[in-house]
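For the sequence shown, the working numbering assigns the number 1 to the initial residue and increments by one for each residue that follows.
Read the structure below first, then the notes.
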Amino acid sequence: MDHINPHLCSVCRPLFAGQRKDKELGVPATELLHQTVQQLEDTAAHGCNLCLLRWNQLKPEERIDLRDCTRITYGFWQSRVGDGVVFEYWLDTWEGGMKPRASRSVKLKKRSEVLMPTSGNSHAGASTSSCEALATARQWISDCDQNHAECKRWIRPDPTFLPTRLIQLGKDPSDISRICDGASLPLGSQYIVLSHCWGGEVPLQLKQANLDQYRTAIPAKLPKTFSDAIDVARFLGKQYIWIDSLCIVQDLTEDWQREARLMERIYENAWCSVAATMAGNSSEGLFSTREPVSVRPVTVEAFWHPIRSETYILWDPDIFDAFISDSPLMHRGWVVQERILAPRILHFAHGQIFWECSSLRACETFPHGVPDNKTYKLSMDTKDLPSEMIPYKTPALQLFRLWQKFVDIYSECGLTKPDKDKFLAISGIARKIGAGDDYAAGLWRSVLIRQLRWSTDGGCSRPTTWRAPSWSWASIDGPIYADAPTEAFLERDYRVVCIIHEVDVKTATDDPFGPVDQGAALKLEAPLLKAMISITKNQYGYPIHWMNNITGNVQFDTRPAQGGETIFCMPLTVQTRRGSEAIYGIVIEPIGGSGQFERCGTFRMAAMNMFDQWAYNASQAFSDTCHSDAVGHPVGDIAGLNWKRYAITLI
Numbered sequence: 001m002d003h004i005n006p007h008l009c010s011v012c013r014p015l016f017a018g019q020r021k022d023k024e025l026g027v028p029a030t031e032l033l034h035q036t037v038q039q040l041e042d043t044a045a046h047g048c049n050l051c052l053l054r055w056n057q058l059k060p061e062e063r064i065d066l067r068d069c070t071r072i073t074y075g076f077w078q079s080r081v082g083d084g085v086v087f088e089y090w091l092d093t094w095e096g097g098m099k100p101r102a103s104r105s106v107k108l109k110k111r112s113e114v115l116m117p118t119s120g121n122s123h124a125g126a127s128t129s130s131c132e133a134l135a136t137a138r139q140w141i142s143d144c145d146q147n148h149a150e151c152k153r154w155i156r157p158d159p160t161f162l163p164t165r166l167i168q169l170g171k172d173p174s175d176i177s178r179i180c181d182g183a184s185l186p187l188g189s190q191y192i193v194l195s196h197c198w199g200g201e202v203p204l205q206l207k208q209a210n211l212d213q214y215r216t217a218i219p220a221k222l223p224k225t226f227s228d229a230i231d232v233a234r235f236l237g238k239q240y241i242w243i244d245s246l247c248i249v250q251d252l253t254e255d256w257q258r259e260a261r262l263m264e265r266i267y268e269n270a271w272c273s274v275a276a277t278m279a280g281n282s283s284e285g286l287f288s289t290r291e292p293v294s295v296r297p298v299t300v301e302a303f304w305h306p307i308r309s310e311t312y313i314l315w316d317p318d319i320f321d322a323f324i325s326d327s328p329l330m331h332r333g334w335v336v337q338e339r340i341l342a343p344r345i346l347h348f349a350h351g352q353i354f355w356e357c358s359s360l361r362a363c364e365t366f367p368h369g370v371p372d373n374k375t376y377k378l379s380m381d382t383k384d385l386p387s388e389m390i391p392y393k394t395p396a397l398q399l400f401r402l403w404q405k406f407v408d409i410y411s412e413c414g415l416t417k418p419d420k421d422k423f424l425a426i427s428g429i430a431r432k433i434g435a436g437d438d439y440a441a442g443l444w445r446s447v448l449i450r451q452l453r454w455s456t457d458g459g460c461s462r463p464t465t466w467r468a469p470s471w472s473w474a475s476i477d478g479p480i481y482a483d484a485p486t487e488a489f490l491e492r493d494y495r496v497v498c499i500i501h502e503v504d505v506k507t508a509t510d511d512p513f514g515p516v517d518q519g520a521a522l523k524l525e526a527p528l529l530k531a532m533i534s535i536t537k538n539q540y541g542y543p544i545h546w547m548n549n550i551t552g553n554v555q556f557d558t559r560p561a562q563g564g565e566t567i568f569c570m571p572l573t574v575q576t577r578r579g580s581e582a583i584y585g586i587v588i589e590p591i592g593g594s595g596q597f598e599r600c601g602t603f604r605m606a607a608m609n610m611f612d613q614w615a616y617n618a619s620q621a622f623s624d625t626c627h628s629d630a631v632g633h634p635v636g637d638i639a640g641l642n643w644k645r646y647a648i649t650l651i
């Protein structure tokens with residue numbers, strides 16, 4: 001049988017012969033694979049296509065960690081989303097209730113059901129710089145221009161716009177590259193943009209002292225990422241490219257601020273974005289070498305039926321996460337809006353080029369699209385929202401949902417200069433979401449009460465230098481989870497118990513989406529409740545017990561909750577649907593008296609009757625102990641809830 005599936009090792013061949021035994025989804029795989037992790041590495045290196053696929057699924061740190069595994073199991077499965085085989089890596093013999101150290105699935109589909117190039121991709125080239133690889137990239141762009149109706153709806157470059165500066169390349173490698181003014185070029189000139197990591201090494205920069213020199217010629221010896229991007233632009237037939245460090249005067253604040261405000265137009269009007277996805281700095285370049293076999297899809301002949309065989313294609317369903325989402329570039333804060341606003345992107349990842357547009361996600365292995373892929377490039381299109389989030393009655397609500405999604409992604413990324421760039425690096429998206437007079441330090445005035453309930457996982461920090469008011473997610477470094485309005489919140493079942501009288505936010509420049517001046521504040525009236533935390537830790541966080549043992553959840557922004565500590569809670573909304581009553585709000589702490597507070601967390605109380613005595617008790621407890629020191633006397637009551645209402649300033 002060695003002549004069947006000769007590209008598989010002796011361990012993998014038996015998986016596709018004999019009777020296939022499918023396991024139930026969610027149940028651990030119990031079929032033993034006679035292989036260690038060290039053997040997996042060896043067979044991957046010596047030509048087993050499936051082992052190579054599996055080895056590439058493991059992150060570098062996992063490859064080391066999993067060497068202690070005593071067994072690897074596998075199990076085939078079927079579901080409504082397709083067929084697959086899961087490989088599980090165990091530290092010990094499987095026992096009920098144990099979980100594997102790692103688990104990876106490989107999906108499979110009949111060859112006849114997968115759209116593959118007629119000429120095959122057996123000549124992939126030994127590098128992503130090969131003519132074969134770049135020809136695939138050029139074909140993606142051509143197909144997008146000619147055949148993608150969805151992209152034509154979104155790719156509408158403004159024929160009157162060009163960036164302030166571009167790098168003029170010429171047609172041949174021998175031509176001198178130089179900085180040119182966009183205003184001097186014919187309208188409609190097409191240009192490429194480069195997305196890249198600056199990393200620890202500062203790339204070649206345009207400065208006031210060399211601007212005139214670079215208008216004549218930029219240095220021939222460029223950082224490798226820059227020179228590779230120029231080679232790609234020339235291969236694709238484009239004479240102009242925009243690179244941030246060479247098209248913005250880096251030591252001229254006025255120029256930098258002006259160009260930052262143009263960033264959204266620079267990217268959305270680009271012909272294409274070239275992304276140095278695998279590179280951590282400008283010296284690593286775009287291109288990588290690879291074994292051509294690693295680009296070809298894994299094809300196997302399965303003999304599961306007694307009288308016939310079937311050809312299957314195998315692939316990693318998480319290929320985009322592995323090569324793109326987890327790459328160095330995708331952890332850079334500025335790249336979030338670059339990726340969203342660019343009409344289409346060529347990702348130069350490790351070992352392959354990937355493509356993203358509003359109609360297709362593809363790679364060299366699957367140039368017509370990764371099988372069963374249902375997602376496309378991040379964009380301003382609300383079709384990217386999960387189905388449970390749409391439809392909404394107003395386009396504005398759909399955009400606020402997008403904002404929530406993008407802020408969540410953005411908060412997980414890093415910035416070299418967060419104090420300067422936290423607002424600027426996402427300002428291009430903000431301009432697309434709403435008007436400047438509705439924007440307030442990363443939130444939106446029209447739905448501000450709901451958006452005040454952004455939360456963290458507790459592992460975040462606040463910078464020592466003031467950047468944003470405590471009520472803004474931009475005051476936090478680390479992953480946050482934004483909140484956005486729903487129709488139910490705006491129309492029924494929810495009651496707002498907080499009144500915002502004034503949003504006092506001033507920006508450092510005339511850009512309403514730029515950095516915020518210190519002193520930003522919310523002046524509002526709201527109920528204030530006092531509670532003592534009693535810890536019963538569970539998977540959802542730290543529940544709190546009020547005076548009558550009402551269970552809820554409190555999550556501090558930068559630290560875990562402590563049992564026995566007293567907190568002050570400011571309810572924002574109550575859910576009044578009978579049988580599922582709840583309170584949602586933020587945890588605050590007094591700052592220096594005079595009714596000033598800072599936000600320090602969020603809370604939720606559920607499964608209680610709003611009109612019980614506890615509501616009065618919690619409000620009265622705050623009034624009895626705090627109003628003389630932290631806030632003035634109540635200014636009124638919340639009708640029907642027995643809560644006192646206070647005038648406070650949130651800073």
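Every residue gets a Cβ at the ideal spot worked out from N, C-alpha and C, and that includes glycine.
Remember, it's a predicted structure, so these values are computed and weren't measured experimentally.
Query: Continuous alpha helix (DSSP H) stretch holding T136: start and end; Result: C131 to N147
Query: C-alpha distance - I567 paired with G333, whole-angstrom precision; Result: 34 Å
Query: Rounded C-alpha distance that separates G178 from A233; Result: Going by the sequence as given, residue 178 is Arg instead of Gly. So the alpha carbons of these two residues sit roughly 14 Å apart.
Query: C-beta neighbour in chain B for R296, strict 7 Å; Result: Absent here is chain B; the protein component of the structure consists of one chain.
Query: Rounded separation between V505 and R445 - CA only; Result: 11 Å
Query: Extent of the continuous beta strand (DSSP E) to which A82 belongs; Result: First, the amino acid is wrong: residue 82 is Gly here, not Ala. That run of the beta strand (DSSP E) goes G82 to W90.
Query: Residue span of the beta strand (DSSP E) that contains Y584, given as start and end; Result: A582 to P590
Query: Same chain, Cβ closer than 7 Å to V336, five either side skipped, listed in chain order; Result: F406, I409, Y410, C413 and I426
Query: C-alpha gap between P117 and A468, whole angstroms; Result: 52 Å
Query: Local conformation of G601 per DSSP, three classes; Result: strand
Query: Reference L50, options R645, F400, D143 and I313, closest by Cα; Result: I313
Query: Three-way DSSP call (helix, strand, coil) for V670 in this model; Result: As shown, the chain starts at 1 and ends at 651. That puts residue 670 outside it, with no answer to give.
Query: Start and end residues, alpha helix (DSSP H) containing R401; Result: P395 to S411
Query: Residue range of the beta strand (DSSP E) that includes I426; Result: Where I426 is concerned, there is no enclosing beta strand (DSSP E), given that its DSSP letter is neither H nor E.
Query: Where Y376 sits in the DSSP three-state scheme; Result: coil
Query: Through-space distance from F76 to E95, alpha-carbon basis; Result: Confidence at E95 is low in this model, with a pLDDT of 47, below 50, so the placement of that residue is unreliable and no value is reported for it.
Query: Environment of A183 [buried if 16+ CB atoms lie within 10 Å]; Result: exposed
Query: Environment of R645 [buried if 16+ CB atoms lie within 10 Å]; Result: buried
Query: Rounded separation between G672 and K171 - CA only; Result: Past the edges of the chain, shown from 1 to 651, lies residue 672, and the structure says nothing about it.
Query: C-beta contact flag for G280 and G351 at 7 Å; Result: no
Query: V274 beta carbon less than 7 Å from that of T365; Result: no
Query: Run of the beta strand (DSSP E) containing W304, from where it starts to where it stops; Result: No beta strand (DSSP E) holds W304; DSSP gives it neither H nor E.
Query: C-alpha gap between D419 and T465, whole angstroms; Result: 8 Å
Query: E61 and T73 closer than 7 Å at C-beta; Result: no
Query: Three-state secondary structure (DSSP) of R462; Result: coil
Query: The segment 7-14 touching the segment 37-50, judged by at least three CB pairs closer than 8 Å; Result: yes
Query: Reduced DSSP category for H7 - H, G, I as helix; E, B as strand; rest coil; Result: coil
Query: Unbroken beta strand (DSSP E) run spanning F76, endpoints; Result: R71 to S79
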